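In short: position in the sequence shown from 1, add 24, done, that's the working numbering.
Using N, Cα and C, we set each Cβ at its ideal position, and we do this for glycine too.
Keep in mind it's a predicted model, so treat the numbers as computed, not measured.
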Amino acid sequence: MIEKKISKFKDSLVFFDKNMHPAFGIKKILFDGNSKFQKIQVAEFYGLGKGLILNGESQFFETDEELYHSSFVEPVLKNKVVEKILILGGGDGGVAREALKHSIKEIKIVDIDERVTEVAKKYFKNFRKVFSNPKVKIINQDAFHFVLNNDERFDVIFVDLTDFEIKESSRQVNRLYQIGFIKSVKKLLRKNGVLVYQISGYYTYPEAVKHMRKVFKNVFKSSHVYGVFIPTFFDLWCFIAGSDKQMDLAADKSSKMFNVFEITKKPEQVKTL
């Protein structure tokens, strides 16, 4: 857990453990608690600002969270007419914040853990306005059951859930990344709607990217994997968008989005969006 790193690495900005996994020096732990579902921690890190940690895994850091969230959202929403958005996961409000920069009429966030939202609202000022916006409705429910028991339709659905893992012990996570569930999510899309998943790191979890590319090709007529290098993740972080309408992913090259890439086969075979 992150507490063990404080004394030994108190003044370090970044270090690598014996397995060459990156970790960051912690200045102060601001919150340390448990919800019904997971351990939640917020810490202030040297040079990175505050970060959110769930079950010992970093979710984002203030220094580059906007890069992650905007890269997730912007290529799909830019120059699009979108009224209704569903976000599965994303209880911290980051994806919703970026979506609200567009002319959206309604956003529903379905996240099982209300404590994540409470903690994000208290400790991360960049997300606070999301939760008071009348366009945003938060539903604290398991995303899997919400999808299977709902018939509302949306223009775009973003899935910002726990990273895909190929492990026998992770069946609860993996079911959200299987073709049956993704077909169920697709049924909640309006005609020509778009489904977007965050996948994982290209170099850290290449099998996850390969799996999702295969699934989306079987479910949608058009699909694109795109990614952005997130400094604090030390990886090219990947997203996948699928639709039955041919998509034209876009990005504003004059902003932070200049380094978002569409990934074709290998990371060296990319084209700037």
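Cα-Cα separation, residue i to residue j
i      : j      : result
ILE133 : LEU110 : 6 Å
VAL239 : LEU260 : 20 Å
TYR226 : THR141 : 28 Å
GLY75  : SER224 : 18 Å
GLY327 : LEU213 : Since the first and last residues shown for the chain are 25 and 297, residue 327 lies out of range.
PHE108 : VAL183 : Here residue 108 turns out to be Lys, not Phe, going by the sequence shown. Those two C-alpha atoms are separated by around 14 Å.
LEU124 : GLU176 : 20 Å
GLN270 : PHE84  : 32 Å
LYS234 : ILE264 : 11 Å
ARG305 : ASN103 : Shown here, the chain extends from 25 to 297; a query on residue 305 therefore has no answer.
LYS210 : LYS146 : 34 Å
GLY298 : VAL105 : The shown model of the chain, from 25 to 297, leaves out residue 298, and the question about it has no answer.
LYS159 : ALA120 : 10 Å
First and last residue of the uninterrupted beta strand (DSSP E) at residue i
i      : result
ILE163 : 160-163
VAL180 : 178-184
ARG199 : No beta strand (DSSP E) contains ARG199, which DSSP labels as neither H nor E.
TYR221 : 213-225
GLN65  : 63-69
Residues near residue i by beta carbon distance below 8 Å, same chain, minus five either side
i      : result
THR87  : GLY71, LEU72, GLY73, PRO255, THR256
LYS52  : ALA67, GLU68
ILE203 : VAL239, ASN242, VAL243
CA nearest to the CA of residue i, picked from the options
i      : options                        : result
ASP116 : VAL249, ILE162, PHE178, ILE53  : ILE162
PHE258 : LEU185, ASP137, THR228         : THR228
GLU122 : VAL220, GLU107, VAL154, LYS149 : VAL154
LEU112 : LEU54, ASN164, ILE64           : ASN164
ALA167 : TYR92, SER246, LEU200, LEU91   : LEU200
HIS93  : SER59, LYS215, PHE151          : PHE151
Host alpha helix (DSSP H) of residue i (start-end)
i      : result
ASN242 : 230-243
PHE168 : 167-172
Same chain, Cβ closer than 6 Å to residue i, five either side skipped, listed in chain order
i      : result
GLN62  : LEU78, ASN79
ALA232 : PHE188, ILE223, SER224
Any non-hydrogen atom of the ligand SAH closer than 8 Å to residue i Cβ
i      : result
MET236 : The ligand SAH is not among the ligands present in this structure, which contains no ligands whatsoever.
Sequence-distant residues of its chain with Cβ nearer than 7 Å to residue i (five each side left out)
i      : result
LEU172 : SER208
List, from N- to C-terminal side, the alpha helix (DSSP H) runs of 4 residues or more that fit wholly inside the region 124-160.
138-147, 152-156
Where in the region 74-130 do unbroken runs of the alpha helix (DSSP H), each at least 4 residues long, occur, reported from the N-terminal end onward?
89-101, 118-123
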